[in-house]
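Undergrad:
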Amino acid sequence: MSLGTGVILLKIMQGGPKLKHSKYEIDMCNGSIMDKLISFSLPLMLSSILQLMFNAVDIIVVGRFDSSQALAAVGSTTALISIFTNLFIGISLGANVLAARYFAAGRDKEMSEAVHTSITLALISGILMIFVGIGMTRPALELMDTPGDVIDLSVTYMRIYFCGMPFFMLYNYGAAILRAVGDTKRPLLFLAAAGMANVVLDLLLVIVIPLGVAGVAIGTVTSQFVSSILVLRCLYRSEGSYQLRFSKLTVKWVYLKRIFQVGIPAGIQSTVINFSNALLQSSVNSFGSTAMAGYTAANNILGFLYVSVNAVTQACMSFTSQNYSVGKQKRMDRVLLDCVILSAGTAAVLGVGAYVFGSQLLGIYTSDQEVIRCGLEILSITTVPYFLCGIMDLIPGALRGMGHSAVPMVLSVIGTVGTRVLWIYVFFPQHRSLYFLFISYPGSWIATIIMQAVCFWFVRKKCIRQLQAARI
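All residue numbers for the sequence shown refer to numbering that gives the first Met the number 0, where the first residue is 0 and numbers rise by one.
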């Protein structure tokens, strides 16, 4: 939704009835902020960790009970899967922002129509991703110089994984709608159930029935099916304006346009950043399958750090969006400040912990000492400064909550991708080591923070002027 549209919406909504919140919902527009941010973020953080564990369990099981080639094969698909899926996952952020605004403003009819448009979009995009993923898997892996002893296994894993894309999309869009009203607890329960199914199936299909990477892929797809069914059932049984009825599934272009205005830039940003990670994966591949396995394990540990700080970013976006819809500028500022404190504190604790206990954590994934050495080389430069990544993502989250998504996308691409591409092609060839390669991480975070902070200062001033004009 554009800023102008948001101001018009604000004029219409001011003075509306105060909402009654169910036990799963959070009143983001009134009362204390930090405790509500924690109440929102903690279940989302745990949910994201469980979702990441779908892949972690795959990695651990094949690393322990199959081979280092199987471990490298599963790990080498992470960046590619993210490239293929993150555009549509980014669009779900647009659904989250739009639903949060309608919910805070009490516009039940618009909320319902936005929900049904979002779920229909999720189903269509998931089906589309099956064909894109299956068709593009091998060419993309070949472009990344995936070694010959790994590529066939990687292709098998990815093609099965992409067959579960409709379930993956339905869960993520459904959870985005629940987050818009402050409900992060039930998605946590759904992922816990799906995660247990994933663990059981991975062990069954690798140890008992030795299917290798195909077995862990089947386990992941099944767990995604479970989580999607649970979240759809939750929406169907809801009594509020976000109740789902399958007979009402349709695409209304007015809502689709507003979802795309926020979601497409966010999706492009995430996709392009993951493209830079794919380039980095190609550089790691040049060191051979042992380094690939080390990167796979280290990157999975970094993934846990990322989803922890990203939970705070999601909270920042939802809280900002709701408060923007009712014109509470000072509260929006406080939300961002509290989110910076929460994100930096979380990342500092987890980052230092990952640095100190790196060997033990990597030992969960593999017993190969050379693989662990490669993983430690990567963790030594990326973990302690990880709080910078959290701050880097918070500012675009706040801007999206205010309806501004395009400029943060451009700045993130320039700062993050530009820095990493420059590092990979200009500096890395002169100093070929995993440690030197991954200096590009904290360097890109710092460059992006500086640009995003300048952007936020100008956008905030514009928002204040327009919100003040809406009150006249």
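Each residue gets a CB set at the ideal place from its N, CA and C atoms; glycine is no exception.
Pick out the complete alpha helix (DSSP H) segments inside the region 52-135, 4 residues or longer, and give them in chain order.
TA: Whole alpha helix (DSSP H) segments, 4+ residues: 67-74 and 77-104.
Undergrad: So, is residue 428 buried or exposed, given that buried needs 16 or more other C-beta atoms within 10 angstroms?
TA: Counting Cβ neighbours within 10 Å, residue 428 comes out exposed, since fewer than 16 surround it.
Undergrad: Just mark residue 306 as buried or exposed, buried being the case when its beta carbon has 16 or more other beta carbons within 10 Å.
TA: Counting Cβ neighbours within 10 Å, residue 306 comes out buried, since at least 16 surround it.
Undergrad: Go to residue 274, then tell me how far its alpha helix (DSSP H) extends in each direction, as first and last residue.
TA: Residues 252-284.
Undergrad: Excluding five sequence neighbours on each side, which residues of the same chain lie with their C-beta closer than 6 Å to the C-beta of residue 201?
TA: Contacts found: 56, 60, 215 and 218.
Undergrad: Around the Cβ of residue 212, are there at least 16 other Cβ atoms within 10 angstroms (buried) or fewer (exposed)?
TA: Looking at its Cβ environment, which holds 16 or more other Cβ atoms inside 10 Å, residue 212 is buried.
Undergrad: According to the Cβ coordinates, are residue 159 and residue 198 closer than 8 Å?
TA: Cβ distance not < 8 Å, so residue 159 and residue 198 don't count as in contact.
Undergrad: Note the first and the last residue of the continuous alpha helix (DSSP H) segment covering residue 233.
TA: Unbroken alpha helix (DSSP H) run through residue 233: 212-236.
Undergrad: I need the DSSP call for residue 372, collapsed to helix, strand or coil.
TA: Helix at residue 372.
Undergrad: Anyone know if the C-beta pair for residue 100 and residue 324 falls short of 8 Å?
TA: In this structure, residue 324 lies closer than 8 Å to residue 100 by Cβ.
Undergrad: According to DSSP, is residue 241 part of a helix, a strand, or is it coil?
TA: Correct three-state label for residue 241: coil.
Undergrad: Can you give me the Cβ contacts of residue 367 inside the same chain, cut-off strictly under 8 Å, excluding the 5 residues immediately before and after it?
TA: Answer for residue 367: 67, 289 and 292, listed in chain order.
Undergrad: Determine the direct distance from the alpha carbon of residue 376 to that of residue 283, and round the result to whole angstroms.
TA: Near 12 Å, if we compare the C-alpha coordinates of residue 376 and residue 283.
Undergrad: Taking the alpha helix (DSSP H) that residue 189 falls in, what are its first and last residues?
TA: 184-202 is the span of the alpha helix (DSSP H), which, as asked, contains residue 189.
Undergrad: Please work out which residues of its chain come closer than 6 Å, Cβ to Cβ, to residue 394, disregarding the five sequence neighbours upstream and downstream, and give them in chain order.
TA: Here the set comprises 451 and 455.
Undergrad: Between 397, 112 and 345, which has its C-alpha nearest residue 45's C-alpha?
TA: Ranking 397, 112 and 345 by Cα distance to residue 45 puts 345 first.
Undergrad: Is it buried or exposed for residue 425, if we count other Cβ within 10 angstroms and need 16 for buried?
TA: Residue 425 should be labelled exposed.
Undergrad: Are residue 30 and residue 266 touching if we call contact CB-CB under 8 Å?
TA: For residue 30 and residue 266, no; Cβs fall outside 8 Å.
Undergrad: Is residue 137 helix, strand or coil when you go by DSSP?
TA: Correct three-state label for residue 137: helix.
Undergrad: Do residue 303 and residue 433 have their CB atoms nearer than 8 Å?
TA: No, the pair does not count as a contact, with Cβ atoms beyond the cut-off.
Undergrad: Could you check how far apart the C-beta atoms of residue 320 and residue 149 are, in whole angstroms? I think they sit under 8 Å.
TA: So it is not a contact: roughly 43 Å between Cβ atoms.
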